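Down below is the structure, laid out as structure tokens.
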Amino acid sequence: MKVKTLAAAILGLTLSMVITSTHASHADGTNTSELVHNADLIFEGKVVNVEYRTSDILKADDVSMPHTYVTYEITRNFKGRSSEDKLITLRFRGGPDDTGNTLIIPGVPLFQAGDQDIVFVRGNGVEISPVVGGNFGRFRISKDAVHSDAWQEIWLLSNGQLDQGKFNEEKKSVTHRIGVHEFTFETENKAEWTPPADAKKLTPVQFRKFLGDSVNQHYTPQALSTLKAARSVPVHEQFSIGKAKPLAAPAVTPVIHKLDPEAIRPEEMAIRKH
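Residue numbering for the sequence shown is 40 to 313, as defined by the working numbering.
If you want it as structure tokens, here you go:
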């Protein structure tokens with residue numbers, strides 16, 4: 040994916056390069072069962088608000104880091120529930136800072152008001168991205184199609200797993216507003232993909248049924264009712280990001296081989312000429 044900055048500097052990343060998109064099997068490298076199992080909450084909803092703010096400096100070694108707050112109005116729960124019932128605010132690392140720069144992190148989804156999605160949530164308020172698998176736990180829902188976060192078709196294989204197909208031709212160039220600045224994201228797709236004969240491209244209705252069936256295969260209604268509500272993160276809640284510290288190299292115990300003269304056979308000590 041190529042990113043053209045229209046009116047801002049990119050903070051801490053080199054994004055002028057072109058990354059060739061390749062076909063990836065099974066969303067984030069896991070199967071559907073793992074996606075369902077790893078999520079604290081799976082819901083369908085519409086983005087109703089996007090806000091930005093930087094982390095707080097609460098200790099001497101804290102750093103100021105931009106974050107994005109995305110609020111969804113939930114229309115359906117597949118697994119779990121939100122602590123705010125029909126609303127949930129997700130916090131993501133990245134966004135505009137206080138000096139005119141913008142932090143964009145590869146693998147962290149971008150959002151705008153009006154987006155209709157099915158989202159797999161885990162570790163909201165703790166993880167850099169609360170979407171399971173970075174951006175692979177976000178599925179874009181339209182009237183007649185389902186796409187990945189990167190605008191690839193979603194297919195169902197005969198083994199019951201999801202797969203990502205061709206890119207949406209209309210989304211090869213997408214302009215996205217982050218704060219007051221706009222960025223154009225261009226997809227350069229050189230990978231060829233042909234769906235297996237027994238695969239089926241999913242419609243939103245089919246995807247919802249598939250997801251509901253997947254959840255019911257792993258959880259009884261009673262188990263679902265006892266799940267702890269996924270936390271919605273208040274925009275103005277104080278939080279801090281500590282400065283990254285270098286990790287010490289793991290200690291390696293030296294291996295010492297002692298020479299036992301009595302264990303050496305004479306033939307092992309001989310110098311052989313060939």
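Positions of the beta carbon are idealized from the N, C-alpha and C atoms, including for glycine. Computed from a prediction, not measured in an experiment: that's the story for all the values here.
Beta-bridge partners assigned by DSSP to Asp156: Gly84, Arg179. Just so you know, the alpha carbons of Lys282 and Asp101 end up roughly 5 Å apart. For Ser122, the secondary structure class from DSSP, reduced to helix, strand or coil, is coil. By the CB criterion at 8 Å, Thr71 and Gln200 fall inside the cutoff.
In the DSSP assignment, the residues bridged to Arg115 are Glu83.
Between the alpha carbons of Tyr258 and Gly139 lies a gap of roughly 47 Å. Taking each of Ser264, Ile167, Gln203, Pro260 in turn and checking the Cα distance to Trp232, the smallest one comes out for Gln203.
From the listed residues Ala268, Asn88, Lys240, Val272, the smallest Cα separation to Phe117 is found for Ala268. By the C-beta criterion, the region 183-200 is judged not to be in contact with the region 107-117, since fewer than 3 inter-stretch pairs fall below 8 Å. Under the three-state reduction of DSSP output, Lys205 falls in the strand class. Using a Cβ distance threshold of 8 Å, Glu192 and Lys211 do not count as a contacting pair.
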